[in-house]
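> In this note's numbering, the protein residues as written are 2 to 138.
For every residue, glycine included, the Cβ atom is placed at its ideal position computed from N, Cα and C.
As the structure is a prediction and not an experimental result, all values here were calculated from the model.
Below: one structure in structure tokens.
So, in structure tokens, the structure goes:
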């Protein structure tokens, strides 16, 4: 777990509040947990603003959610998600000492279907089928 002094040092260095630094730290560990999960690691595609920040820009933006495209539809099942995230938060606790209770995690599933006409009258599903939101109180 990151100690208070490190949080304050990063906070000063990047001109951020301490809670933003802590939240970013926890999101990083959640990403590591998702990546290491035997089913989710290879079937979820990380995307969105937090992805850009985590992968390309050190201080570009700080977000409160993690956006994924879910390749396997059965991973959108609420029961599956609850069980998978119990495993993930246990992994995060073992690896980093960060305790995340299931009450702090919520799931929102969103599917957008856009119909348009082409020569073959195709329908194209534009998917952002899963948004993972972490609420930090």
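1. Compare the beta carbon distance of residue 97 and residue 9 with 8 angstroms and say whether it is the shorter of the two.
2. By the three-class DSSP mapping on this structure, what secondary structure does residue 44 have?
3. Smallest Cα separation from residue 40: which of 86, 5, 56, 22?
4. Report the residue from 109, 108, 45, 11 whose alpha carbon sits nearest the alpha carbon of residue 59.
5. Once you ignore the five residues that flank residue 19 on each side, which residues in its own chain have a CB closer than 7 angstroms to its CB?
6. Mind checking whether residue 92 and residue 37 have CB atoms under 8 angstroms apart?
7. Between which residues of its own chain and residue 100 is the CB-CB distance below 7 angstroms, once the five residues before and five after are set aside?
8. Run through DSSP, which three-state label would residue 145 get?
9. Leaving out five residues on either side along the sequence, give the residues of the same chain with a beta carbon under 8 angstroms from the beta carbon of residue 30.
10. Taking C-beta to C-beta, are residue 139 and residue 108 nearer than 8 angstroms?
11. Do the CB positions of residue 28 and residue 67 come within less than 8 angstroms of each other?
Based on what the coordinates show:
1. The Cβ-Cβ distance between residue 97 and residue 9 does not fall below 8 angstroms.
2. DSSP places residue 44 outside both helix and strand once states are collapsed to three, so it counts as coil.
3. Checked all of 86, 5, 56, 22; the closest Cα to residue 40 is 86.
4. Of 109, 108, 45, 11, the residue nearest in Cα terms is 11.
5. Answer for residue 19: 8, 9, 12, listed in chain order.
6. Cβ distance < 8 angstroms, so residue 92 and residue 37 count as in contact.
7. Excluding residues within five positions, the ones whose Cβ falls inside 7 angstroms are 94.
8. Past the edges of the chain, shown from 2 to 138, lies residue 145, and the structure says nothing about it.
9. Excluding positions up to five away in sequence, the list reads 93, 96, 97, 99.
10. Because residue 139 is not part of the residues shown, which for the chain are 2 to 138, the question remains open.
11. Yes.
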